[in-house]
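See structure below.
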Amino acid sequence: MARFSGHHRSAKTLVASVAATPPAASVVTELPVPPEPVRELGAHPPEPQVSAMWLGAPESWVPEGQEALFDRLATLGVRGRSKRKVDAAARYSAALQTRLPVRARPTVETAAREVSRYLVDHVDDRGTLNLSVALRRSNVDQYLEDRRRRGRDKGMHQVKYQLYAVGRLVHPREFPPANQPISPRPRRHRPAGDHVIADHYGTAARLEGELQVRLYLLLDLCLGVGARPSDFKVLRGVDVTAGRRGGRDYAVVSLPNHSGGRRSVPIADRAASKRLLTRAEQVGDASLFRPGMAQAERNMTNRINEDLRANKLRPLDLYALRMRWLTDLAETVPAALWLQLADVSTLTALRDVTSDLPTYGMYSILDYVAGVRAA
Numbered sequence: 066m067a068r069f070s071g072h073h074r075s076a077k078t079l080v081a082s083v084a085a086t087p088p089a090a091s092v093v094t095e096l097p098v099p100p101e102p103v104r105e106l107g108a109h110p111p112e113p114q115v116s117a118m119w120l121g122a123p124e125s126w127v128p129e130g131q132e133a134l135f136d137r138l139a140t141l142g143v144r145g146r147s148k149r150k151v152d153a154a155a156r157y158s159a160a161l162q163t164r165l166p167v168r169a170r171p172t173v174e175t176a177a178r179e180v181s182r183y184l185v186d187h188v189d190d191r192g193t194l195n196l197s198v199a200l201r202r203s204n205v206d207q208y209l210e211d212r213r214r215r216g217r218d219k220g221m222h223q224v225k226y227q228l229y230a231v232g233r234l235v236h237p238r239e240f241p242p243a244n245q246p247i248s249p250r251p252r253r254h255r256p257a258g259d260h261v262i263a264d265h266y267g268t269a270a271r272l273e274g275e276l277q278v279r280l281y282l283l284l285d286l287c288l289g290v291g292a293r294p295s296d297f298k299v300l301r302g303v304d305v306t307a308g309r310r311g312g313r314d315y316a317v318v319s320l321p322n323h324s325g326g327r328r329s330v331p332i333a334d335r336a337a338s339k340r341l342l343t344r345a346e347q348v349g350d351a352s353l354f355r356p357g358m359a360q361a362e363r364n365m366t367n368r369i370n371e372d373l374r375a376n377k378l379r380p381l382d383l384y385a386l387r388m389r390w391l392t393d394l395a396e397t398v399p400a401a402l403w404l405q406l407a408d409v410s411t412l413t414a415l416r417d418v419t420s421d422l423p424t425y426g427m428y429s430i431l432d433y434v435a436g437v438r439a440a
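This is the structure:
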């Protein structure tokens, strides 16, 4: 497989109104209509009304006869940094499960753990949570999307069903009815093609000033180390270092992992390495994208795309660029190293692009197997 170069990479690529006619002798008196409350521009919409039942301690939600089920489910903890938060999340989850229809024991226990795993991040240091906020559909959907982007989408259909079931208890108008089919998994981004990448680098070469620098940074970081859009806000010059191997220098980028910690990913392309090392030396401890500041501005990548569109240029699909890096990397390194560098826990990120991956013949398979055994 040809390596990605600075300007080109190869790849396989109701409303109805009814008026009642009053008797002729009657007199109709119009009552004044109270004005609607005025909400300031930019203010958040009011929180939806929630039943007072959900405002008390979780033990108070348990129906009569379900106490034993609550006690059992409340002991099913999940991993977390604070035992108080984990125990509280388990109690809230257990109480919610007792309000749902009777299910098989393994099913209800699995659901209790998944809901606990979701709620634990909403529990405060005192061991309480605002259930109305935690189970807003927007928050549930954001959690599911974050899991998908991290590659943790195994069993996502079931997790979505379990979270929607408890969300429907608290906000019945926000979630679809229980008998409505759950939407299929979202469409994945296809890897960026050669012509798209060449077009992006050609655009970067014609631009000037800070927009040019930023466009090169986005391209080099996505295609060179598989950086995620969330990484760009926090990456600083000190996160890029030089590594030497075989007589040449490589830029090595330290990226944050979703589960905590960091991973170091080198860039094989010489031109991209040189650009990143030069920028890192210029900004030092400041943001790669915003010299002199600790972080890049909010919505920075959206603004870059707006600038590109304003100039009738192709905007960046950052997810497609990272997907291209994932696909190319899968052809060149072992699966264990791919998981480490990509910061995902499964190979499911590749399931929709298997047609873009090579099919190995028997001689190649034997070479790989023999190499592994020899090692």
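All you need for my numbering is the position in the sequence shown, starting with 1, plus 65. All C-beta atoms, glycine included, are put in the ideal place defined by N, C-alpha and C.
Using the C-alpha atoms, what's the distance from residue j back to residue i?
i, j, result
"E275", "A345", "15 Å"
"L138", "A160", "8 Å"
"L141", "L280", "48 Å"
"V180", "S324", "19 Å"
"T397", "D296", "24 Å"
"A414", "G130", "44 Å"
"R182", "V173", "14 Å"
"A108", "S352", "Residue placement at A108 is flagged as unreliable, the pLDDT there being 41, under the threshold of 50; the coordinate-derived value follows with that caveat. Going by the C-alpha atoms only, they are around 31 Å apart."
"A243", "A333", "50 Å"
"H260", "Y266", "10 Å"
"A155", "L194", "12 Å"
"W126", "D136", "13 Å"
"L412", "L404", "7 Å"
"Q207", "A169", "29 Å"
"V143", "D190", "17 Å"
"L106", "P241", "Note on L106: pLDDT 39, under 50, position unreliable in the model; no value is reported."
"A435", "Y315", "30 Å"
"Q227", "N376", "46 Å"
"A359", "S147", "29 Å"
"S420", "G311", "34 Å"
"Y229", "H222", "11 Å"
"L209", "R178", "15 Å"
"A395", "E273", "34 Å"
"V317", "L402", "16 Å"
"L431", "G258", "31 Å"
Considering Cα atoms alone, identify which of the options is closest to residue i.
i, options, result
"V348", "V305, Y425, E129 and A270", "V305"
"N204", "D189, K225 and T193", "K225"
"A337", "G232, N370, A351 and A270", "A270"
"P123", "P321, S158, L134 and V143", "S158"
"G357", "G121, L282, W119 and R301", "R301"
"D285", "E239, K339 and R255", "K339"
"D211", "P399, D259, G289 and N322", "N322"
"N367", "A435, R335, A395 and P294", "P294"
"D417", "H254, G436, A400 and D264", "H254"
"W119", "L196, P128 and E273", "L196"
"V299", "Q223, L394 and R363", "R363"
Per DSSP, which one or two residues make a beta bridge with residue i?
i, result
"A307", "A316"
"S352", "R301"
"R327", "P321"
Answer yes or no: do residue i and residue j have a C-beta to C-beta separation smaller than 8 Å?
i, j, result
"L386", "T268", "no"
"L383", "C287", "yes"
"L200", "G232", "yes"
"L373", "T392", "no"
"R214", "H236", "no"
"V198", "K150", "no"
"M388", "P256", "yes"
"T163", "L134", "yes"
"L342", "A307", "yes"
"R327", "S319", "yes"
Enumerate in chain order the residues of its own chain whose CB-to-CB distance from residue i is below 6 Å, with the five nearest sequence positions on each side excluded.
i, result
"L406", "V330"
"E239", "R202"
"P380", "N370, L373 and R374"
"A153", "V188 and G192"
"S429", "none"
"W390", "L288 and G291"
Between which residues of its own chain and residue i is the CB-CB distance below 7 Å, once the five residues before and five after are set aside?
i, result
"F354", "R279, L282, F297, A361 and M365"
"L234", "L161 and R164"
"Q277", "A269"
In chain order, what residues of the same chain lie with their CB nearer than 8 Å to the CB of residue i, ignoring the 5 residues before and after it?
i, result
"Y433", "Y425"
"V303", "A345, G349 and D350"
"A400", "L412"
"R313", "R335"
"D264", "R379"
"P128", "T163 and R164"
Does chain B have any CB closer than 8 Å to the CB of residue i?
i, result
"L402", "Of the chains in the structure shown, none is chain B; there is only one protein chain."
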